[in-house]
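Those letters in the sequence shown? Residues 1 to 429, per full-length UniProt numbering, in order.
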Amino acid sequence: MENETRSGSLQNSSSSRKEWRAVSDSHNFGNATDYVNGREAAGGDLDYYSITMDDGEVLEQIRALSRQQGELQQQEVDLRARLLAMEIQRTFESRSAEYENAAARMQEQLRENDRSIREMERKLEEKERELHAVKLDNEAAWEKEGLLREQNKELATLRRERDHSEAEMSQSLHKISELQEHVQEKERQFAELQEQNRIAQETIMYKDEQLREAQGWIARAQEMDALQSSTNHSLQAELRERTEQYNQLWLGCQRQAVPASSEMPRQNYVHPSQAVHGLEVNGQVSPGEPNGVGSVARETLRSLLACIVRTIPAGGRIRISSTLPNRLGKMLAPLHWHDYRKKYGKLEDFVANHLELFVIEDDYIQVREGAQKMVAASASAAASKVAISSSPSSMYVAMTPLAQSQGLKKNVQRGRQSSDYMAPQQRKL
């Protein structure tokens, strides 16, 4: 800035010098013209002023004046130079003062800038410290986030393990429930077996009682035969009468078929078809007799219904497709339902045609209330009908199918024994 100030002052001084030279030149030129004009005027006025001067003096005066003029001009130039120098000095001083003020202001501004820079540096340091603290916080947050991710992974693993354990628990509970159902089924089967065992024991006791009665009756018959051996006529008549009674009893047993099969345990059950086959073999019921075949078919139907009613537990229900055929097969052993399918159709259709005895829901079946009484009543009615149709003098005892078959065999044996006994008596006669 000082160089600029100096260059500006030099330019101003050179311009002032050019102005001074132009003014002095014009002043000299004006003096010369004035002098010429004065000479011309003086030449014109010589007539009025009759001043005579010598040329030498005039020239001397002119030179003197010229010197004076030159000195004056020199003085003027000096004065002008002094004035210009003073002006330049004042301008320089004012400008230097301005420059000093500007420099002071600039220094003040520099100091202010330094203060602001220091303040900015301080703020920058604070910001750096804050940034460092934020970085530390971010690193801590990242570490916490990493820990949270790890914890989330562990939590997800624990949840998966919990879900897996819950699934295993549900499977275990399902297996436990199935085992409980199996145990309940086994308990029901055990209760049924106990009931059947009790019924079998009662049946054995009843059969023992019947056997004792039969033995007593046989003993009485033998005593009567021994007493009647004294007379041939009475013996023959008695033998004919007893033979006729035996035959009537046998025919009555054949017609009865299976009247009370619902009271017989399944291990003592003989299927009606076996009894019918035995009757056909013995010649008592021929296939050509319609009344005998119809009676056997009705008794077979009653026996099947009684077996199915006994197969289903009281108050419970079983599956038609699986449990019922298995249990019924045990009851009908050695036969099976396949042996009756040609006549009665499928087991499902057979039980569906007897809704008065059974309640069917989807694949489950259960016995209606009073169905067992109905089956027992029908069996007793059939037994009474057979008893009425038989001879009044013949003895009748309600028997199960197995007891009937055994009774038939005993009657056949008794008939053979009586016939064997009668043959020698007739020979004697």
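Here a beta-carbon is modelled for each residue, glycine too, at the ideal position from N, C-alpha and C.
Listed in chain order, the alpha helix (DSSP H) elements of length 4 or more contained wholly in the UniProt domain "DUF7725" (302-368) are 323-332, 341-344, 347-352. Pairwise C-beta distances place the region 205-217 out of contact with the region 183-191, as fewer than three of them are shorter than 8 Å.
Here E125 is exposed, its C-beta having fewer than 16 other C-beta atoms within 10 Å. Separation of H174 and T203 (C-alpha to C-alpha, rounded to the nearest whole angstrom) is 42 Å. Distance between W337 and L304, taken at the CA atoms: about 10 Å. E121 has its alpha-carbon roughly 39 Å from the corresponding atom of L148.
Taking 9 Å as the cut-off, the beta carbon of V309 is found no closer than this to the beta carbon of L355. Approximately 11 Å separates the beta-carbon atoms of L324 and I360; this is outside 8 Å, ruling out the contact. Between the C-alpha atoms of Y246 and A200 there is a straight-line separation of about 28 Å. When secondary structure is reduced to three states using DSSP, G252 falls in the helix class. One thing to note: E348 has its Cβ within 9 Å of the Cβ of I320.
In this model, D78 and E93 are separated by some 21 Å (Cα to Cα).
Taking all protein chains in view, the Cβ of M331 is crowded by 16 or more other Cβ atoms within 10 Å, so the residue is classified as buried. Rounded to whole angstroms, the separation of the alpha carbons of R159 and K144 is 22 Å. Rounded to whole angstroms, the Cβ separation of A306 and V367 is 11 Å, and the two are not in contact under 8 Å.
Per DSSP, reduced to three states, the secondary structure at G370 is coil, with no helix or strand assignment.
Within the region 85-114, not a single complete alpha helix (DSSP H) segment reaches 4 residues in length. By the Cβ-count criterion, W217 is exposed, with fewer than 16 other Cβ atoms from all chains shown falling within 10 Å of its own Cβ.
Note on geometry: alpha-carbon atoms of E98 and Q73 lie some 35 Å from one another.
Around the beta carbon of W250, a 10 Å sphere encloses 16 or more other beta carbons of the protein chains shown; the residue is thus reported as buried. Annotated as proximal: S378 and R302, with beta-carbon spacing under 9 Å.
With 16 or more other Cβ atoms from the protein chains shown falling within 10 Å of its own Cβ, V375 counts as buried.
Around the beta carbon of L328, 16 or more other beta carbons sit within 10 angstroms, so the residue counts as buried. Rounded to the nearest whole angstrom, the CA to CA distance from A81 to T91 is 14 Å.
Cβ-Cβ distances below 7 Å link E119 to nothing in the same chain once the five nearest sequence neighbours on each side are left out. Under a 10 Å Cβ-count criterion, R220 is classified as exposed, with fewer than 16 other Cβ atoms of the shown protein chains found around its own Cβ.
C-alpha of G146 to C-alpha of D163: approximately 25 Å in a straight line.
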